[in-house]
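Below is one structure, written out as structure tokens; comments come after it.
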Amino acid sequence: MSKFYLPDSTATTATPSPLTSPPSPKSNPLDRKPYSSNNYSTYSDDDSDDDNTPLPFPAALPRSDFLTPDFTPEAYLSTLSNRHQTLEDLRSDLRQRSQLLSKELLDLVNANYEEFLSLGLRLKGGEEKIEEVRVGVLGFSREVGNVRDAVAEKVQQVGTLLEEKRRIRKDVMVGRRLLEIEERLEDLEARLMVEPSNCLSANNASANDDASDDSDEDEDYEDGDSATTATLARLRK
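Counting in the UniProt record's numbering, the sequence shown runs from 1 upward without gaps.
Here it is, written out as structure tokens:
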């Protein structure tokens, strides 16, 4: 921009320039510094410095993040939302990491080439051994199943026997209580001098009749025996 126009000192009247403001009682137009392009350049330089400030460069992705047991790509990428990096740069980093891992794997194979060859020779015929082991495991599992079935059957039998034992024990306890009650009743009858009932008397009478009949039969049998003995004695004579 051009400088402000300053009036001539010889002029009688102070006519303000169209680019200057009228003088105030506290300010003198002569003391005001003219505007220059340096002022605009200062502000523009500050803005350009703020715009050209580089963003913090993202650190390399740590390898330990990929070694977690529950690693999933979706969850890991969701944690990179605050990372100051474009998607293309992230792809480039992951591609470089993949190439680095491939190179490390190749170096590992080259360093242990002989061991890999010997491992291949040792694995020769491994399918037959695996088949033998599989057959053995199947036979063992079949035997285990048979033993499990036998144990289940025995458990069922033992449960049935235990149930029967509990039932018998209950019956035995009931019988013992009945015997105890009978003994107490007999003791009570003995103390009270209670005579036997009519039923008992009838039973005793029938028992006595049976005993007398048996004695009569014995006497008849003895008489028959004596007669037979006498007849045999006569025949001998």
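Glycine included, every Cβ here is placed at the ideal spot set by N, Cα and C.
- Inter-residue distance for arginine 166 and arginine 176 is about 15 angstroms (C-alpha atoms, whole angstroms).
- Contact holds between the region 75-93 and the region 57-64, because three or more Cβ pairs, one in each stretch, are under 8 angstroms apart.
- Here DSSP, grouped into helix, strand and coil, assigns asparagine 112 to coil.
- Taking the Cα positions, arginine 134 is about 14 angstroms away from glutamate 143.
- In terms of Cα proximity to leucine 90, the closest of Glu164, Leu77 and Ile181 is Leu77.
- Counting only runs of 4 or more residues that sit fully inside the region 65-151, the alpha helix (DSSP H) segments are 73-78, 87-111 and 113-122, in chain order.
- The alpha-carbon separation between leucine 101 and leucine 121 amounts to approximately 27 angstroms.
- Counting only the Cα atoms, arginine 63 lies some 38 angstroms from glycine 125.
- When only Cα atoms are considered, aspartate 93 and valine 109 end up about 24 angstroms apart.
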